[in-house]
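Enquirer: Numbering (full-length UniProt numbering), first residue to last: 1 to 136.
Glycine included, C-beta positions come from ideal geometry on N, C-alpha and C.
Have a look at the structure that comes next, please.
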């Protein structure tokens, strides 16, 4: 893929995220996608990604803004930095109690692309900052 095609793929991924479309994100992923989440274990495969995404939708309502996408020249890798604007809807295991708290958090993700599909997504944010914002 070219750098422009990778940029378009990542743009579509975040558009699906902001639309709340788990199916839209899944369509862009390789069957054996590696999903690395902040402070968590690596999940392998679309089913694990789907399970995680629905868990997140239950606990959090998030919308990403200020998205800046960067790609390698050969299109094999990409990265994005963005602002997460969220509401904590339901208590997530091991985290503070949810009471509808809102938060704004800088975050970033890294992507690996093969054959037009995302084969790895790694996301980072500052959990201590999020915990402070939700009153934990």
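May I ask you to list the residues that DSSP assigns as paired with residue 109?
Expert: As a position in the chain shown, residue 109 is number 109, starting the count at 1. Bridge partners of residue 109: 80 and 123.
Enquirer: Which one or two residues does DSSP pair with residue 55 in a beta bridge?
Expert: The residue given as residue 55 occupies position 55 in the chain shown. According to DSSP, residue 55 bridges with nothing at all.
Enquirer: Verify whether the separation of the beta carbon atoms of residue 90 and residue 58 is less than 7 angstroms.
Expert: Your numbering for residue 90 matches position 90 in the chain shown. Your numbering for residue 58 matches position 58 in the chain shown. Yes, these two residues count as a Cβ contact at 7 angstroms.
Enquirer: Between residue 10 and residue 48, what straight-line distance do the alpha-carbon atoms span, to the nearest angstrom?
Expert: Position 10 of the chain shown, counting from 1, holds the residue named residue 10. Position 48 of the chain shown, counting from 1, holds the residue named residue 48. In a straight line, the C-alpha of residue 10 is about 20 angstroms away from that of residue 48.
Enquirer: Just to confirm, is the Cβ distance from residue 31 to residue 46 under 7 angstroms?
Expert: Against the chain shown, residue 31 aligns to sequence position 31. Against the chain shown, residue 46 aligns to sequence position 46. Their beta carbons are under 7 angstroms apart, which means residue 31 touches residue 46 by this criterion.
Enquirer: Give me, in chain order, the residues of the same chain whose beta-carbon lies closer than 8 angstroms to that of residue 80; leave out the 5 immediate sequence neighbours on both sides.
Expert: The residue you call residue 80 lines up with position 80 of the chain shown. Excluding sequence neighbours, residue 80 sits near 10, 14, 67, 68, 69, 70, 108, 109 and 111.
Enquirer: With DSSP as the reference, label residue 86 as helix, strand or coil.
Expert: What you label residue 86 is simply residue 86 of the chain shown in a count that begins at 1. Reduced to three states, the DSSP call for residue 86 is strand.
Enquirer: I think residue 84 touches residue 124, with their Cβ atoms under 8 angstroms apart; what is that distance to the nearest whole Å?
Expert: Here residue 84 corresponds to residue number 84 of the chain shown, with the count starting at 1. Here residue 124 corresponds to residue number 124 of the chain shown, with the count starting at 1. Actually they are not in contact, since the Cβ atoms of residue 84 and residue 124 sit about 11 angstroms apart, beyond 8 angstroms.
Enquirer: Is residue 91 helix, strand or coil by DSSP?
Expert: Locating residue 91 in the chain shown gives position 91, counting from the first residue. In this structure, residue 91 counts as coil in the three-state DSSP scheme.
Enquirer: Check residue 68 in the structure and name its three-state DSSP category.
Expert: Residue 68 sits at position 68 when you count from the first residue of the chain shown. Residue 68: strand per DSSP, three-state reduction.
Enquirer: For residue 116, which residues of its own chain have a beta-carbon under 8 angstroms away from its beta-carbon, when the five flanking residues on both sides are left out?
Expert: Within the chain shown, residue 116 is the residue found at index 116, counting from 1. Closer than 8 angstroms at the Cβ level, and outside the excluded window around residue 116, lie 1, 5 and 9.
Enquirer: Inspect the beta-carbon positions of residue 77 and residue 18 and report whether they are closer than 7 angstroms.
Expert: The count along the chain shown starts at 1 and reaches residue 77 at position 77. The count along the chain shown starts at 1 and reaches residue 18 at position 18. No, the pair does not count as a contact, with Cβ atoms beyond the cut-off.
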